[in-house]
Every structure is written in structure tokens, then in C-alpha cells.
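A.B. asks: Here it is: the structure, laid out below.
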Amino acid sequence: MKNQKLKIALQKSGRLSEDSMNLLKKCGIRFSSGLGKLRTETENFPLEIYFLRDDDIPEYVADGVADIGIVGENVLEENQKAVERVEKLNFGKCRLSLAVPKDFAYRSLKDLEGKRIATSYPNILREFFVRNAVNAEIHTISGSVEIAPSIGLADAVCDLVSSGSTLFSNGLREVETVMNSEAVLVSRPNLETGLQTILNKLLFRLKAVKAARQNKYILLNAPNEKLEKIIELLPGIKSPTVLPLAASGWSSVHSVINENDFWESVEILKNAGAEGILVLSIDQMIS
Ligand code: PRT
Ligand code: ZN
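For the working numbering, count along the sequence shown from 1 and bump the result up by 230.
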């Protein structure tokens with residue numbers, strides 16, 4: 231169908247909102263995202279954006295109100311709706327963890343036997359306890375889980391953690407990871423051909439942005455006599471590009487390196503005689 235648009239659901243306002251919108255923008259998709267907007271059209275890509283509460287996204291996608299969505303794996307796992315995971319997005323990283331008050335002498339999961347655990351993730355936690363043969367009482371509360379032990383409502387909690395500072399400032403100690411989570415792109419199953427084609431186009435761009443974020447473009451100058459050594463040390467994805475510089479006896483070396491190796495690589499290269507090292511972010515990387 232002509233003029234067909236893919237409908238995507240993003241979190242309206244919360245921890246995933248900014249990263250989700252930035253990701254689309256990095257994919258070259260232009261749109262306005264005024265505060266309070268529920269829906270927006272994009273200017274240069276057949277996409278329509280819906281802004282929703284994150285907990286509602288799996289259901290809206292499963293029901294076909296939206297075709298695709300961006301949501302945390304924790305929400306997906308808890309809600310168990312009929313949606314397909316299409317691509318992990320590398321942001322919104324956190325873990326769902328069990329935590330106990332500091333003075334709780336915790337050694338193993340067995341110590342939670344018969345205890346009251348407060349959480350907003352009863353389904354995930356129940357499944358975890360079944361898998362680990364622990365009998366504990368799950369108390370479902372919708373927010374401020376971390377204060378439950380101090381007001382006598384629970385003996386322990388199971389909540390999302392990223393830096394750990396919320397647990398710490400509430401006198402809690404993280405003891406077990408129940409699941410790791412990050413934002414994922416989900417889709418309703420069996421998209422019509424036209425919509426699937428648009429999704430494939432979007433995915434192509436998303437993957438290019440994701441790959442770019444994990445890599446840096448590096449340029450450096452090397453004296454020719456040290457060139458061989460430097461090239462050998464460069465952990466690039468392919469052999470680097472080497473160009474002669476106007477100054478005789480010097481070359482310019484260009485390569486792409488993984489962000490994780492980055493600082494270490496730069497130090498090694500510098501020690502090997504590289505000069506004028508420039509490191510640039512990459513916007514898109516198409517393999
Ligand atoms: O209004 P709406 O329902 O859309 O939003 P929400 O309040 O339910 O969700 P929101 O915006 O808090 O989180 C959206 C998603 O972000 C979650 O479903 C996770 O997938 C992801 N995410 C990543 C997190 C965190 N990190 C996180 N740290 N979600 C929540 N937290 C909370 C946690 O619950 C705890 O209260 O942050 C606190 C802990 O953080 P640290 O840094 O102190 O450990
Ligand atoms: Zn929510």
C-alpha cells in the first residue's frame with residue numbers, strides 16, 4: 231500500500247524516552263517531540279510515533295495499536311504479551327536484583343525461605359523462585375519498593391538497579407541478580423509485507439548506528455620507520471589506511487577501533503611513536 235506508515239510506540243516520559251528519540255534522530259529520522267504530545271508524524275521516513283507509558287507498550291504492540299515499540303526487557307518479561315523481540319538497543323541497561331537490609335545475615339537464596347519480598351515484578355520473581363526452589367512470599371507494590379523493609383512491609387526487595395545508589399541510601403544490600411535488562415525493539419508478529427519492508431529499512435539504520443557507537447575512528451601520524459610496528463599494534467577492524475604526509479618521512483594512519491579497547495590502544499600507540507592522535511565519533515557504520 232502506498233503512503234503506508236509504521237507505527238512505533240516510545241516511552242512518553244521516563245528513563246528510555248530521550249535515548250529512544252535520540253536513536254531515531256541518529257537514524258536520520260526528523261520529527262518534533264513537543265512535551266505533552268501523544269503522537270507525532272515524522273518528516274522524512276514513513277513512521278508515526280506514539281508516546282505511551284512503558285508498561286502499556288507490550289500490550290499496544292501485541293494488539294496492533296502500534297506495530298513496533300521500544301521497551302525494557304524487564305517490562306516485556308513481566309507482561310508476557312505476544313510480541314517479538316527484534317533488536318537489543320544497548321541502552322536502558324539495568325538489572326532486577328534481590329536486596330536485603332544491611333543487617334540481614336544473607337549467605338544464599340535459602341535464607342529468603344518464608345520471607346516477605348516486595349517487588350513490582352511479581353511474575354519474574356515468582357518464576358525465579360520456582361527455578362531456584364525457594365518458597366518466599368511475594369508482595370506486589372507498584373512503586374517505592376526500596377522503602378518497604380524500613381516500614382516493616384517486607385524483609386527484602388526485588389527491584390531494578392543501575393548505579394546501586396538507591397539501594398545504598400535505603401540501607402539495602404544487593405545480593406542476587408534475577409535478570410539483566412536493556413531496551414529492545416519489539417514488533418507485533420507477522421507484519422504485512424509493506425510494513426515489514428519499512429521495519430527492515432529502519433533496522434538497517436539502527437544497526438549502523440549501534441555499530442558506530444561501539445567504535446571510534448582514529449587518525450594518527452607516524453614516522454615511517456615506526457609504521458610497521460604501529461600498524462601491527464592497531465586493533466582495527468581491517469588493515470588501516472596509510473597515506474603519506476607532506477612532511478617527508480611521515481605517514482598518516484586511519485583506522486576504526488572498538489570503544490572498549492580505546493584508551494589502552496591510544497596509550498600503546500603513543501608509546502610506539504604515534505603523534506597527533508585524533509579520535510572521532512562515528513555516526514553510522516554500514517557493514
Ligand atoms: O511512566 P512510565 O510508566 O512510562 O515509567 P516508569 O516510571 O515505569 O519507568 P522508568 O522511566 O523509571 O523506567 C523505564 C525503564 O528504564 C525500565 O523499565 C527499565 O527497563 C529501564 N531502567 C534502567 C530503569 C533503571 N535503569 C532504574 N535505575 N528503570 C528504573 N530504575 C529505577 C529503579 O526502579 C530504582 O528506583 O531507578 C532506581 C535505581 O537506580 P540506581 O541508579 O539508584 O540504582
Ligand atoms: Zn512504567
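C-beta atoms are modelled at their ideal positions from N, C-alpha and C, and glycine is treated no differently.
Take Asp297 and list the residues in its own chain whose beta-carbon comes closer than 8 Å to its own, dropping the five residues that flank it on each side.
C.D. replies: Leu236, Lys237, Ile238, Val291, Ser417, Arg418, Leu421, Leu425, Leu429
A.B. asks: Relative to the C-alpha of Ser495, which candidate in Asn410, Pro453, Leu464 has its C-alpha closest?
C.D. replies: With distances taken between Cα atoms, Ser495 lies closest to Leu464.
A.B. asks: Just checking, does the stretch 323-341 make contact with the stretch 451-462 on the three C-beta pairs under 8 Å criterion?
C.D. replies: no
A.B. asks: Measure the C-alpha to C-alpha separation of Pro474 and Asp285 and round it to an integer number of angstroms.
C.D. replies: Asp285 has its alpha-carbon roughly 56 Å from the corresponding atom of Pro474.
A.B. asks: Quick one: using the 10 Å Cβ neighbour count with 16 as the cut-off for buried, is Phe434 buried or exposed?
C.D. replies: exposed
A.B. asks: Cα-Cα, which of Glu404, Val483, Val414 is closest to Glu462?
C.D. replies: Val483
A.B. asks: Compute the minimum distance between the beta carbon of Ser395 and the heavy atoms of the ligand PRT, and state whether it is under 7 Å.
C.D. replies: yes
A.B. asks: Excluding the 5 residues flanking Val316 on each side, which residues of the same chain have their C-beta closer than 8 Å to its C-beta?
C.D. replies: Once the five neighbours on either side are set aside, the close Cβ partners of Val316 are Ile298, Val414, Leu415, Val416, Ser417, Leu429, Leu433.
A.B. asks: Can you give, in chain order, each stretch of the beta strand (DSSP E) that sits fully within the stretch 254-328 and has at least 3 residues?
C.D. replies: 269-271, 277-282, 298-302, 314-318
A.B. asks: Pick helix, strand or coil for Ala477, following the three-state DSSP scheme.
C.D. replies: Secondary structure at Ala477: coil, using DSSP grouped into helix, strand and coil.
A.B. asks: Taking contact to mean 3 or more Cβ pairs, one atom from each stretch, closer than 8 Å, check whether the stretch 435-443 and the stretch 303-320 are in contact.
C.D. replies: Because the criterion of three Cβ pairs below 8 Å is met, the stretch 435-443 and the stretch 303-320 touch.
A.B. asks: Just to check my reading of the structure: Phe321 and Asp385 have Cβ atoms closer than 8 Å, yes? What is that Cβ distance to the nearest angstrom?
C.D. replies: The Cβ separation is near 33 Å, so there is no contact.
A.B. asks: 8 Å is my cut-off, CB to CB: does His484 come that close to chain D?
C.D. replies: Of the protein chains in this structure there is only one, and it is not chain D.
A.B. asks: Determine the burial state of Gln241: buried for a count of at least 16 other Cβ atoms within 10 Å of its Cβ, exposed for fewer.
C.D. replies: buried
A.B. asks: Please report the straight-line C-alpha distance between Glu497 and Val295, rounded to a whole angstrom.
C.D. replies: 52 Å
A.B. asks: In its own chain, which residues sit with a C-beta less than 8 Å from the C-beta of Leu306, not counting the 5 before and 5 after it?
C.D. replies: Shown here for Leu306: same chain residues with a beta carbon closer than 8 Å to its own, the five before and five after excluded, namely Pro288, Val313, Arg315, Val414, Val416 in chain order.
A.B. asks: Is the distance from the Cβ of Ile300 to the Cβ of Leu265 below 8 Å?
C.D. replies: no
A.B. asks: Please state if the CB of Leu342 and the CB of Ala378 are separated by a distance shorter than 8 Å.
C.D. replies: no
A.B. asks: I want to check one thing, is the minimum distance from the CB of Asp284 to the heavy atoms of the ligand ZN below 7 Å?
C.D. replies: At a cut-off of 7 Å, the beta-carbon of Asp284 counts as near the ligand ZN: some heavy atom of the ligand is closer than that.
A.B. asks: Use the C-beta contact count for Gly302: other C-beta atoms within 10 angstroms, 16 or more gives buried, fewer gives exposed.
C.D. replies: buried
A.B. asks: Got a sec, what are the start and stop residues for the beta strand (DSSP E) Asn410 sits in?
C.D. replies: Taken as a continuous stretch (DSSP letters only), the beta strand (DSSP E) holding Asn410 covers 402-411.
A.B. asks: Pick out the complete alpha helix (DSSP H) segments inside the stretch 369-447, 4 residues or longer, and give them in chain order.
C.D. replies: DSSP runs (the alpha helix (DSSP H)) wholly in the stretch 369-447: 395-399, 423-443.
A.B. asks: How would you write the range of the alpha helix (DSSP H) that Arg245 sits in, first residue to last?
C.D. replies: Element bounds for Arg245: n/a, residue is neither H nor E.
A.B. asks: Do Lys431 and Leu510 have their C-beta atoms within less than 8 Å of each other?
C.D. replies: no
A.B. asks: Going by alpha carbons, who is nearest to Gln234 out of Glu278, Cys388, Gly244, Ala335?
C.D. replies: Glu278
A.B. asks: Does DSSP put Val364 in a helix, in a strand, or in coil?
C.D. replies: DSSP places Val364 in coil when its eight states are reduced to three.
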